[in-house]
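Peer 1: Quick note: numbering that gives the first Met the number 0 has the sequence shown finishing at residue 384, numbered continuously throughout. Okay, here's the structure, questions in a sec.
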Amino acid sequence: MKVSKKIINLETESAFAVLARANKLISEGKDVINLGIGQPDFPTPVNIQEAAIKAIRDGKHGYTPSNGIPELREAVAEYIYNEYNVERSPEEILITPGGKPTIFYSSLILGGKGNEIIYPDPGFPIYRSMINYSGAKGVPLNLSEEDNFEINIEKLEKLITDKTSLIIINNPNNPTGSFMNKNKIDKLVIMLEKYPEIFILSDEIYSKIIFNESQMPSLLNYDALIDRLIILDGWSKTFCMTGWRLGWSIWPKKLYEYANKLCVNDHSCPNSISQHAGIEALRGTKETIKDIKKEFHKRKNFVHSKLNELEKISCFEPGGAFYAFPNISKFGMSAQKFADIALEEKGVALVPGTSFGDSAENFVRISYANSMENLEKAIYRLSAI
Ligand SMILES: Cc1ncc(COP(=O)(O)O)c(C=O)c1O
């Protein structure tokens, strides 16, 4: 069998493997609380569901333009204007099946042999996987607990070489829940301005789930980066639409057609029904979304304080997303072992830190996208490890 080496070396996202293991145990009758998978536990708001049902009834079942229907790209442009006071043309906006394709396309377009791509470690595992797949050298940027898992700008600058083609930034961050505020982003952008040849992929998929600041400091707000900035955002987390597979990205004009060609080659167009639902999500009422954000905030406070009450666990306070990243080093076991015991013996599914990079051996990721009742039960169970 002559299978491509690139495919053999492709990595995966272990949150899905944890989900499968947890579901198997549940199907065998075990009581498992799933704090593994990163998706909101709320249903998609009803107004969005209704828009999808209407789209089916109206016969919106055909192929759409590969980059998304014009009305949806206009709705994204409007949304961005309302959120960030930034004018971007619908011609720069690309609609994709979820946020993930943007990581794939950025890596394919700016990767390849001879190029280096800097990515956060710990970070979303698909960054490293896709960088390697492209043939580029992946350069991990360690986010450390001492820095509150924020980017250490000096450390980042030291990793830049004349081969660096792309830097990936993820704010708020998966898996740590860290959030860099405007002050920090201002400083980061000042450093990035010194390297005008390097593209930036700003993964802002958790942009609406932030707790201590009212405004998300999107890189869209920095004119100096406009010619080399790729923004990744979408509906999955903000609008509880993970399974609808709908994301948007904003591309520099000089890269847009490459990304759009990849869309045609890969999936022809995003799901037409989801796109109509996406218009309603952006233009319709946001009341449910506000309530969900409040609920995540309440859970964050609960999980953070309860974890820190445990003798052997310390947990830094997350500023965004719906993840906590407790330090479990006092248990004297690997993160994988801790996660195995939590699942097999205590019925709590969580993801070992090492799934997000080599630097996170002392951590596990807890997704608090679960009810308060289950969170309380799960932390009680963890206290018995
Ligand atoms: C940091 C980050 N970026 C991108 C994605 C991909 O999102 P989507 O499900 O829309 O493809 C995720 C999903 O978990 C994520 O955590």
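Even glycine gets a Cβ: it sits at the ideal position worked out from N, Cα and C. Note that the structure is a prediction, hence the values are computed from the model and not measured.
#1: Within the continuous beta strand (DSSP E) that includes residue 136, where are the two ends?
#2: Pick out whichever of 26, 77 and 3 has its Cα sitting closest to the Cα of residue 346.
#3: Who's in the neighbourhood of ligand 1, going by beta-carbon under 6 Å from any heavy atom, listed in chain order?
#4: Would you kindly work out how many angstroms separate the C-alpha atoms of residue 107 and residue 15, rounded to a whole number?
#5: Is the distance from the Cβ of residue 353 to the Cβ of residue 246 below 8 Å?
#6: Work out the CA separation of residue 189 and residue 149 for me, nearest whole Å.
#7: If we count the other Cβ atoms within 10 Å of its Cβ and call it buried at 16 or more, is residue 56 buried or exposed?
#8: Put residue 367 into one of helix, strand or coil per three-state DSSP.
#9: Taking residue 326 as the reference, give the member of 318, 319 and 312 with the closest Cα.
#10: For residue 260, count the other beta carbons within 10 Å of its own beta carbon; 16 or more makes it buried, fewer makes it exposed. Which is it?
#11: Taking Cβ positions, are residue 337 and residue 330 nearer each other than 8 Å?
#12: Cα separation between residue 356 and residue 139?
#13: Relative to the C-alpha of residue 236, which residue among 41, 273, 10 and 296 is closest?
#14: Which of the three DSSP states, helix, strand or coil, is assigned to residue 16?
#15: Work out the CA separation of residue 18 and residue 328 for me, nearest whole Å.
#16: How would you write the range of the alpha helix (DSSP H) that residue 163 sits in, first residue to last?
#17: Could you name each continuous alpha helix (DSSP H) segment of 4 residues or more that falls completely within the stretch 94 to 135, going from the start of the chain to the end?
#18: Would the stretch 191 to 209 count as touching the stretch 68 to 81 if we require 3 or more Cβ pairs under 8 Å?
#19: With distance defined between alpha-carbon atoms, name the residue in 23, 187, 382 and 92 nearest to residue 252.
#20: Terminal residues of the continuous beta strand (DSSP E) containing residue 229?
#21: Confirm the yes/no value for this check: CB of residue 163, any heavy atom of ligand 2, distance under 7 Å.
#22: Determine the burial state of residue 232: buried for a count of at least 16 other Cβ atoms within 10 Å of its Cβ, exposed for fewer.
#23: What residue does the alpha helix (DSSP H) around residue 277 start on, and which one ends it?
Peer 2: Considering the structure as presented:
#1: Per DSSP, residue 136 belongs to the beta strand (DSSP E) from 136 to 141.
#2: 26
#3: 37, 97, 98, 99, 123, 169, 173, 202, 204, 233, 235, 241 and 246
#4: 24 Å
#5: no
#6: 16 Å
#7: With fewer than 16 other Cβ atoms within 10 Å, it is exposed.
#8: coil
#9: 312
#10: exposed
#11: yes
#12: 8 Å
#13: 41
#14: For residue 16, the secondary structure class from DSSP, reduced to helix, strand or coil, is helix.
#15: The C-alpha of residue 18 is placed about 24 Å away from the C-alpha of residue 328.
#16: Element bounds for residue 163: not the alpha helix (DSSP H) but the beta strand (DSSP E), 163 to 169.
#17: 99 to 109 and 124 to 133
#18: no
#19: 92
#20: 228 to 233
#21: As far as ligands go, the structure on display features ligand 1 and does not contain ligand 2.
#22: buried
#23: 271 to 282
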